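All the letters of the sequence shown, read from the start, carry residue numbers -30 to -1, 1 to 872 under mature numbering (1 follows the signal peptide of the UniProt record, and there is no 0). C-beta: ideal position from N, C-alpha, C; glycine also. These numbers come from a predicted model, not from an experiment. Note sheet for the following structure.
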Amino acid sequence: MLFSRLRGLRARRLLLFSLLFLAAWEAGSGQIHYSVPEEAKHGTFVGRIAQDLGLELTELVPRLFRVASKDRGDLLEVNLQNGILFVNSRIDREELCGRSAECSIHLEVIVDRPLQVFHVEVKVKDINDNPPVFKGAEQRIFIPENRQLDSRFPLEGAVDADIGANSLLTYTLSPTDYFSLKVETTDELSKSLSLELRKSLDREETPELQLLLTATDGGKPELEGTVRLQITVLDVNDNAPLFDQAIYRAQLVESTVNGTLVTTLNATDADEGVNGEVVFSFGNDVSLDIQEKFNVDSLSGEIRVIGDLDYEKTKSYEIQIKAVDKGTPSMSNHCKVLVKVLDINDNAPELSITSLSLPIKEDTPLNTIIALIKVSDIDSGVNGQVTCSLTPHVPFKLVSTFKNYYSLVLDSTLDRETTADYKVVVTARDGGSPSLWATASVSVEVADVNDNAPVFAQPEYTVFVKENNPPGAHIFTVSAMDADAQENALVSYSLVERRVGERLLSSYVSVHAESGKVFALQPLDHEELELLQFQVSARDAGVPALGSNVTLQVFVLDENDNPPTLLGPHAGSAVSELVSRTMGAGHVVTKVRAVDADSGYNAWLSYELQPPTGGARNPFRVGLYTGEISTTRSLDEVDVPRQRLLVLVKDHGEPMLTATATVLVSLVESSPIQKASLPVLTGAVGSKASLVDVNVYLIIAICAVSSLLVLTLLLYTALRCSATPTDGACGPGKPMLVCSSAVGSWSYSQQRRQKVCSGEGPPKTDLMAFSPGLAPGLNIAERSDHAEVNSDLSGNPRQPNPDWRYSASLRAGMHSSVHLEEAGILRAGPGGPDQQWPTVSSATPEPEAGEVSPPVGAGVNSNSWTFKYGPGNPKQSGPEPKKQTQVSFLPRRKGEASQPRQ
C-alpha cells in the first residue's frame, strides 16, 4: 500500500516535471546542443540525452525511443539503459564536412505515445590531426642566369585539411644567399609563395641550387610538411613572358552554357622570333576538376567554360595560368584567374513526410499532431529560404517546430458526415525569382463517431384523418435520417408515451419500430377529439445512443351532420317588424342570426330570401353573408301592407343542410319614434350650457379609467409572456385547424369546442377563419396550389362583393377586438402548405356599406392585404397591399353557445 502511494507520488512529480520541461522546451529554441572532438574513441561520452529531454529511463523502450540522422547514422548511438549519447564509430571531421567552418551532426529524436520529436545538434570539434601537405616531394624551377634582381618565381604552397588555427600555415626557407621567400596574403586568395632573387645568378658558377621549403600549421602540437626546391640556372633565353595583370577576375552564374568566354589573357615576351612566341597553359598545380570545367586556348589566351558549373558544389575557382615562350631553354611566367560562381534558383525545395497518425477520429481534439514534415533547399540566400503552405479550406495547419521542420496539426473540428477524407497537399516554395516549389500529398481519413442524432425532414407534421376511420388504419409514415455510418446510422422509432385526457397515447396510435409507419388503433371521433398531438422518437444504435423527436398533429376532419340553428327571436317562431312607408332604399328592417355546430365549410352560412308567390315585386332583400333584411327601394302605396318574408339559411357542407326563418313585415304610415324625439332635441338645446361643466369631469374620469385599463393590460401581457408553455395542442404557438370555403359566413362550433386539446390543461378559445379561395373538395396539395388564385376561382358559389362586412352569425359573438396577425392555417411544417392570414379589422356596421367577405385565403402574406369599407368604395378586383385591419369577435369557452349581442 505504501509502495503504491510512493509510486503514485513519484509519477505525479515526474508528470509535473515533464509538463514544465515541455513548456520550457516549446518556449525555447527546441534544440539541444552537444560537442565532441573528432577522432574520439568508441564509447566516448557525449551527453545525457534522455535527462536533457526530460524523459524517464523507464519510458525509453515503451515509447519506442529512436534516433535518426540525415548524415551517417552510425556515428553516434544512445544507450537505452542509461540514456547516454556516446560515440559509436570514428568521426573524421574532414571526411564529414570537408573544409566547412562549421561541422555538426543533426539528430532527430522521436518518441511515440504521444508522438514527439526533438532536435539535437552535435558539433564536431576539429583537432590538429592533419599536417601540411605539398603536392609533390620536389618542385623544379628553371631560372635563366640573366634574370634581374628582385625577380620572383612562384612556388606551389601546401594544403592543410584542418580548419581554423590548425590550418594557418607559416613558411620558412632554408638559408641561402640567392633567394628570399615572399608570402602574400589576400582576403580572397590563398597565400601566394614566390622566390625573390636577391643575388645575380651565374650558371657557370652555380648551375643548380637545392633548397628546402617548410610549412608549419598553427595547431598544438605543431605539424609541418616539407618540399625540396630544385633550382636549375639556364642560359641563352633571357626574357620571360609578362602578363598585363597578375590576377584576372570574372563572375559567372551557375547556369552559364558551355563555350562562354570567361576572360582573355594577355602576355608579352620582349624577345624576338621564336623566343618571343608565348604559349598559354594551365599551371602544374591546377586540379582535374578545373581542367574539366574550363579550357584555355594556348595561342589566343581565351579561357572558356566547357563543363557545368554548380554553385552548391563549388562557389569559386582559382586557376593558375602559365605563359611559356618557345625559346631554348623556354622561359615562363604565371598569373591567377579568380572565377566566382553566382547562385541562381535552380534547385526546387525537397519535402519528406514522416510519422503519420492515421486515420483520425472526427472528435480528435484540436492541435493534435497528424504528421511530421521536413523541407530543404540546397540553394543559398533568398533562393534557399523555404516557406510551406497547405491546401486551402482544410481543417489543418502547419506549425513550425524548428528550422525547416513542420508539424501538421488539427486546426478545426472534423465532421466525417461533411467530409470523410481530406487530400492535404503541402507546398514548399522558395524565395527565389522565379520561385520554385515542390508538393507532397497526405490522404487523411476521418473515422466516424456517433455524433449525429437522427434528423427528421420537418420538425412537425400535420396529418388529416376523417373521423370513423377503420381500426389499424395507416395514417402516416415518419422517416429520420442519420448522417453517421454503419451501426451509428441504424434508426428505430417509438412513441413518446403520455396521457391524452384520461387515456394513454398508446391506446390511440402506434408506430412501427423499423418502418416508422403510424397506425390508428381505433376509430377517431371529431366531436370527441378534434386534434391529437404527440411525438415520435427516433434513436440510433450508436454508443451512446442519440435520438430526436418529431411532433405529429393529427386533425380529425368533420362531416356535415348539423343543420344551421337560428338565434334570438327568430328561433322557433315568426318575427314581426314595423316599417314606415316613408323609409327610403337601403333601410335595415331586421337581421337574421344563425350558427352551425359543425366546423369549416360545413359551418359556413349564407342567407337567401325566397321569392314571393305570384311573382309580385319584393321591395326587400337579405344580405348574402350578413343576414340583414333591408329595403331595395322606396316604399309606395301599391306595396302590400303585410308581407311574409321567408329567409333560407344554408351551409355549404356535403350534403347541404338548411334552416328557414319567417319575418312578418307590416307597413305603417309614420314612426312614433321620430315624433317622440322632437321634445328631446328642444330640451337638449336649452341644457347645452349646463353640460359644459359636466364634460370636464367626464374627460377626467375617462382618462383615469383608460390609464387603469392600460396598466391592467400591461400586467396581463407580462404574466402571459412569463408563463411556462404547456405541452400539447393547447400550448402557445401551436397551429390550429382552419377551414375555408367560397361563400358563407363565419360561425363557431359548440361541439368542436368540447375537446380541442390533446393534452392536459384548460381549453383555450377557438378561433375559426375561412378563406373564399379554397373549394371544399380540394386536398391539401391542391389547396396550396390554389392559394395564390383564390380570387379567380370559378364555380358556385362565387366570391362575394369585395366591399366586405360581417355576417349575423359573426356579429352575434362580437364583443372584443383581437388581431389575427399571421395566424397559421393548414400548417404542415416547413415541407407542407403553410398559409398566412392578414390582419382583418371590424368595419362600419351600417348595412348600406355592403356585405362582408370571408378572410383572405391561404398563401398570402400578412402584410400584403387590406380591406376598405363604406358605401362609396368601388368594386375591387383584389385587396390593396401594405395595410392592416382588425377583426372584432367574441371568443367562446368550452361549452358556451353563441348569443346575439343585445
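List the whole-angstrom C-beta distance separating residue i from residue j, where the pair is believed to meet the contact cut-off of C-beta under 8 Å.
| i | j | result |
| --- | --- | --- |
| V466 | Q505 | 4 Å |
| I80 | L46 | Going by Cβ atoms, the distance from I80 to L46 rounds to 15 Å, so no, they are not a contact pair. |
| G195 | V103 | 5 Å |
| I113 | L55 | 59 Å between Cβ atoms; not a contact. |
| V470 | L501 | The Cβ separation is near 10 Å, so there is no contact. |
Tell me the rounded alpha-carbon separation between residue i and residue j.
| i | j | result |
| --- | --- | --- |
| S777 | L634 | Reliability fails at S777, whose pLDDT of 37 lies under 50, so the model's placement of it is uncertain and no value is given. |
| V414 | P365 | 11 Å |
| Q613 | S636 | 7 Å |
| D255 | C73 | 28 Å |
| E598 | V565 | 15 Å |
| V608 | V559 | 19 Å |
| L536 | S462 | 53 Å |
| T324 | L342 | 5 Å |
| V37 | G401 | 31 Å |
| P870 | V545 | Note on P870: pLDDT 36, under 50, position unreliable in the model; no value is reported. |
| A455 | E387 | 8 Å |
| V617 | V549 | 18 Å |
| L85 | S59 | 29 Å |
| Q355 | A240 | 54 Å |
| D762 | D385 | Caution applies to D762, whose pLDDT of 36 falls short of 50 and renders its modelled position unreliable; the value that the coordinates give is listed next. Answer to the nearest angstrom: the Cα atoms are 51 Å apart. |
| D606 | R551 | 7 Å |
| H756 | E457 | Only weak support is given to the placement of H756: the predicted model assigns it a pLDDT of 36, under 50, and the question is left unresolved by the model. |
| L231 | L119 | 37 Å |
| L139 | T146 | 22 Å |
| L222 | L360 | 37 Å |
| E624 | D531 | 9 Å |
| G512 | A459 | 8 Å |
| G246 | A237 | 10 Å |
| A739 | G442 | With a pLDDT of only 38 at A739, under 50, the local geometry of the prediction cannot be trusted, and no value is derived from it. |
| A541 | P534 | 11 Å |
| Y577 | P539 | 17 Å |
| D391 | T334 | 14 Å |
| G554 | T601 | 7 Å |
| V311 | L143 | 35 Å |
| E262 | D82 | 50 Å |
| S764 | S692 | Caution is warranted here: a pLDDT of 35 is assigned to S764, below 50, making its placement in the model unreliable, and the coordinate value is therefore given only provisionally. Taking the straight line joining both Cα atoms gives about 48 Å. |
On the DSSP letters alone, give me the boundaries of the alpha helix (DSSP H) that residue i sits inside.
| i | result |
| --- | --- |
| Q109 | No alpha helix (DSSP H) contains Q109, which is instead part of the beta strand (DSSP E) from 108 to 114. |
| A20 | 19 to 22 |
| R63 | 63 to 67 |
| I260 | 258 to 263 |
Taking residue i as the reference, which of the options has the closest Cα?
| i | options | result |
| --- | --- | --- |
| N52 | Q21, L125, F250, G68 | Q21 |
| T186 | N236, L231, A453, D132 | D132 |
| L499 | S518, N519, Y478, H482 | Y478 |
| V244 | D295, K263, A216 | D295 |
| I111 | V680, A10, A511, L204 | L204 |
| L50 | C67, I61, L258, E29 | E29 |
| G189 | I97, D280, F149 | I97 |
| Q492 | L475, T357, L689 | L475 |
| V90 | Y4, N588, T338 | Y4 |
| T409 | Y376, S322, L326, P424 | S322 |
Grab the span of the beta strand (DSSP E) containing residue i for me, first residue to last.
| i | result |
| --- | --- |
| R117 | That residue, R117, is in no beta strand (DSSP E); it is neither H nor E in DSSP. |
| T357 | 356 to 360 |
| L615 | 612 to 620 |
| L594 | Where L594 is concerned, there is no enclosing beta strand (DSSP E), given that its DSSP letter is neither H nor E. |
| W407 | 407 to 417 |
| F446 | 443 to 447 |
| L182 | 178 to 186 |
| C305 | 302 to 312 |
| A631 | 628 to 638 |
| D566 | 564 to 566 |
| Q200 | 194 to 204 |
Within 8 Å, do at least three Cβ pairs link the region 283 to 298 to the region 315 to 323?
Because the criterion of three Cβ pairs below 8 Å is not met, the region 315 to 323 and the region 283 to 298 do not touch.
How do the region 423 to 433 and the region 342 to 355 stand: do at least 3 beta-carbon pairs fall below 8 Å, yes or no?
A contact is defined here as three or more CB-CB pairs under 8 Å, and the region 423 to 433 fails this definition with respect to the region 342 to 355.
Assess contact between the region 129 to 147 and the region 203 to 216, defined as three or more Cβ pairs (one per stretch) separated by less than 8 Å. Is contact present?
Flag = no, the region 129 to 147 and the region 203 to 216 do not touch.
Looking at C-beta atoms only, is the number of pairs between the region 480 to 500 and the region 433 to 451 that lie closer than 8 Å three or more?
Yes: at least three Cβ pairs fall under 8 Å.
Cβ contact (3+ pairs, closer than 8 Å) linking the region 173 to 191 and the region 259 to 277
No, the region 173 to 191 is not in contact with the region 259 to 277.
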